[in-house]
Amino acid sequence: MLPSRPYSSLKGMLPKIHHPLPLNEKSRKKLLDTLTTSFRKHLDREHGLGDDHAESAVAAAKKTVTQPSTRAADAPTAATPIGTPSSSPRHRPTDRHLRAILSNPLFTYDQLASRPNLPPSVTRAAPGAAANAPNTPNAPGILTAAAPLSSALAHPSTTNAETAQRDPMDIFDWAVARGLMTTKRAAGCLLAKRREAVQSSHALAKTFMADTGAGLRVLQWLRASGLERDLSFVADTQFTSVLVQFLAAEPAMEAVVWQWIARLQQNQDGPAQVEVRARNAPAYRVGSAAFVLDALVKAKAGGADTLDDAYRTMSQAAADLPAAATASSASTASTAAAVQNTIVWPWFELSWMSTLKAWNLADPSPALYDGFARIMDSDPRPSVLIERAHLDLRHPTKPSPAPAQALLDNDTLLTSVLRHRMPAEPPMGRRPAHAARIVSMGLDTVRHLAFVGQSDEAQRILHRLQRKFGENIEQRQVRAWGTLAT
């Protein structure tokens with residue numbers, strides 16, 4: 001078949017294509033050196049690397065060409081986290097970028113490569129299970145959400161002792177590398193790791209949790225999978241709570257939690273509210289920023305000898321959140337109300353820890369205690385007045401029963417307290433009833449007055465409590481606090 005006239009005309013207009021001549025080994029090496037050096041010089045100019053590094057760049061390029069195994073040896077291992085310096089630090093932006101790629105948890109699974117694969121009964125679910133599992137990408141098979149973590153760690157060929165020695169984070173890496181990880185499964189891995197910390201021989205479980213680096217590994221997965229970009233993972237409250245505990249155990253990671261709180265407070269990302277389930281009460285909804293702040297405060301208070309770190313955290317929130325919210329909002333009144341509602345919830349819980357659960361802890365710093373108590377000084381609501389009076393009564397160095405006495409003698413105020421509940425205050429199941437809180441404060445007042453020698457006043461307040469709340473007020477208090485969810 002003869003070519004058409006348009007084809008012949010077009011062929012005549014195009015230049016003739018010269019096929020490359022065959023190169024010998026020396027010519028190929030010279031061409032590769034030239035291209036590599038030129039490419040690195042271009043990258044150096046793009047990223048602002050100075051001329052004083054030019055010679056070292058050429059030398060490094062030649063070394064890379066002549067010794068390819070050296071370049072591979074310089075690459076970080078899969079266990080090297082983002083931002084961790086290697087033994088021979090490299091300062092090139094391209095090297096840092098390559099290290100970040102190599103340390104991405106989605107591409108770094110190699111810790112279980114030499115181990116037997118997990119049994120199919122554990123790693124695969126029935127067809128359609130992936131569609132029903134939350135946060136689960138499409139995959140040939142998924143980890144069954146109902147299967148306990150111990151079954152996922154086990155293998156038919158392993159003994160019970162070998163199963164017990166498996167690191168829960170190995171399963172985390174295994175699932176992340178295959179795209180099977182979800183927030184619920186990550187929570188299971190972190191809970192198992194936290195259980196190891198509690199059962200370990202370490203004096204402080206937080207030190208063990210920090211040494212594991214589990215929080216950083218999960219954070220890297222959140223960033224690599226895009227879940228941290230919109231803070232959608234906060235909707236899984238169990239996962240968020242346990243992750244905050246691990247991040248709070250590492251001083252360098254706590255700043256990440258504060259960034260989340262600020263973003264949630266400003267309604268930039270994440271759900272506006274999350275659903276929290278209490279042990280003895282129906283599920284209820286609370287602001288996302290308040291929930292994460294409460295999780296951080298509890299992480300600071302849990303397992304500590306004093307509540308100083310928790311007080312310091314609340315004071316930081318009271319100082320930083322209003323400034324950040326004001327800078328991003330034009331409405332001062334609405335901003336102040338939003339910040340106040342964010343702070344109230346964790347403030348109440350820490351107040352209950354201070355007055356009713358801190359009997360076995362060392363005395364806190366008076367300055368930190370005062371700073372925490374003053375956070376709600378401008379709030380005149382009756383519920384706050386109870387907590388403030390109780391905090392004054394339990395001051396570590398200057399206990400004052402006067403506010404509690406005035407509150408207990410004011411029938412109108414007591415009635416207001418019993419009827420009033422703030423919208424931002426935790427519901428029943430996460431807090432005691434108002435009557436139980438008044439009785440607890442009243443009995444503490446009676447004990448304090450008796451201790452300082454004011455027996456008559458103590459007897460008067462006790463009789464008043466009995467007339468108001470019944471004769472068996474101590475048993476009533478025990479029952480109320482015994483059913484309170486921790």
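Numbering follows UniProt numbering, in which position 231 of the sequence shown is assigned residue number 231; successive positions increment by one, without gaps. All C-beta atoms, glycine included, are put in the ideal place defined by N, C-alpha and C. Because the structure is a prediction, the values reported are computed rather than measured.
- D320 and V344 have their C-alpha atoms some 15 Å from each other.
- DSSP, reduced to helix, strand and coil, places R285 within a strand of the structure shown.
- For Q405, the uninterrupted alpha helix (DSSP H) segment begins and ends at 402 to 409.
- Relative to Y311, the option among L361, F451, D370, I386 whose CA is nearest is D370.
- Shown here, Q316 sits in a helix according to DSSP, grouped into three states.
- DSSP places V452 in the coil class of the three-state scheme, outside both helix and strand.
- About 13 Å separates the Cβ atoms of V256 and A299, ruling out a contact at the 8 Å cut-off.
- Secondary structure at Q466: helix, using DSSP grouped into helix, strand and coil.
- With fewer than 16 other Cβ atoms from the protein chains shown falling within 10 Å of its own Cβ, F39 counts as exposed.
- For E275, the three-state secondary structure derived from DSSP is strand.
- Within the segment 214 to 267, the complete alpha helix (DSSP H) segments of 4 residues or longer fall at 214 to 225, 227 to 230, 237 to 249, 254 to 265, listed in chain order.
- By the CB criterion at 9 Å, Q405 and T355 fall outside the cutoff.
- Bounds of the alpha helix (DSSP H) holding K184 are 183 to 199.
- Spatial neighbours of S315 in its own chain (CB-CB distance under 8 Å, excluding positions within 5 residues in sequence) are listed in chain order as L368, G371, F372, I375.
- Between T240 and F233 the beta-carbon gap is near 7 Å, inside 8 Å, which marks them as a contact.
- The three-state reading of DSSP puts W359 in coil, since its state is none of H, G, I, E or B.
- Apart from the 5 residues on each side of it in sequence, Q340 has no Cβ closer than 6 Å to any other Cβ in its chain.
- Taking the Cβ atoms as the reference, E254 lies roughly 13 Å from A262, outside the contact range of under 8 Å.
- Comparing C-alpha distances from T342 to each of K26, S383, T34, A289 shows the shortest one belongs to A289.
- For A304, no alpha helix (DSSP H) encloses it, and the DSSP letter there is neither H nor E.
- By the neighbour-count criterion, in which 16 or more other beta carbons inside 10 Å mark a residue as buried, R277 falls on the exposed side.
- Here V286 has Q273, V274, V276, W345 as same chain residues with Cβ atoms under 7 Å from its own Cβ, once five neighbours each way along the sequence are excluded.
- Straight through space, the alpha carbons of L462 and G442 are spaced by roughly 8 Å.
- A straight-line Cα-Cα distance of about 10 Å links D170 and V176.
- Between G215 and L231, the C-beta gap is not smaller than 9 Å, which leaves the two residues out of contact.
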